[in-house]
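Residue numbers (my numbering): 902 to 1055.
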Amino acid sequence: MLSEEQRTKLRPRVASLQSIAGAMLAASILAAVVIGTIADWDELGDPLSMLPLIGAVFGMLMVGSGIVFPLVFAGELATGDSEEEKLKSAAQAVTVEYLVRFALVEAALFTNLLVLMLDLHTVTLGIVGLAILTFLFLFPIQSRFIGSVEKRLR
902 MLSEEQRTKL RPRVASLQSI AGAMLAASIL AAVVIGTIAD WDELGDPLSM LPLIGAVFGM
962 LMVGSGIVFP LVFAGELATG DSEEEKLKSA AQAVTVEYLV RFALVEAALF TNLLVLMLDL
1022 HTVTLGIVGL AILTFLFLFP IQSRFIGSVE KRLR
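See below:
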């Protein structure tokens, strides 16, 4: 369990990570809204072509890897000589884990937004929605971040 002083030291890192995540989420939603306004919604009932199918497969792989892939690094323990260095090491590792997750989900989202712009289909809309929900689900809440740091310190 982290002391109150250690939690206080982690708050600026959590705030900056939340700012990055918020900016990525806002950019994604703004891009989805812009592409949604220029899309030709009359094409929505067209049969599934290869482009939305490839985008959906890529999107599912990237969202899935955004959830699973950083867990490979979750077993790493904090390194350092002092308690302060171990805390910094653990916080840095958790920050990188979150950023890798966001980058993978962002790749899925923007790839499918591009596909949506070229070939509108409900499958693509579903993947875009799934990516946005994944963003919201993975958003770095302070208690979850501190819990992850505590696990690294053990």
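Beta carbons: idealized from backbone N, C-alpha and C, even for Gly.
In the structure shown, residue 1042 falls within a coil segment according to DSSP collapsed to helix, strand and coil.
For residue 981, the secondary structure class from DSSP, reduced to helix, strand or coil, is coil. Apart from sequence neighbours up to five positions away, the residues of its chain that approach residue 1024 with a beta-carbon distance below 6 Å are 953, 957, ordered along the chain. In the structure shown, residue 948 falls within a coil segment according to DSSP collapsed to helix, strand and coil. Of the residues 912, 909, 932, 926, the one whose Cα lies closest to the Cα of residue 1039 is 926. Contact check between the region 1003–1015 and the region 960–974: three or more CB pairs, one atom from each, fall below 8 Å, which counts as touching. For residue 925, the enclosing alpha helix (DSSP H) begins and ends at 905–939.
Annotated three-state conformation of residue 1055 is coil, per DSSP. For residue 1014, the closest C-alpha among the options 970, 929, 917 is that of 929. In this structure, the alpha-carbon of residue 971 lies about 14 Å from that of residue 1050.
Counting only unbroken stretches of 3 or more residues, no beta strand (DSSP E) element lies wholly within the region 999–1030.
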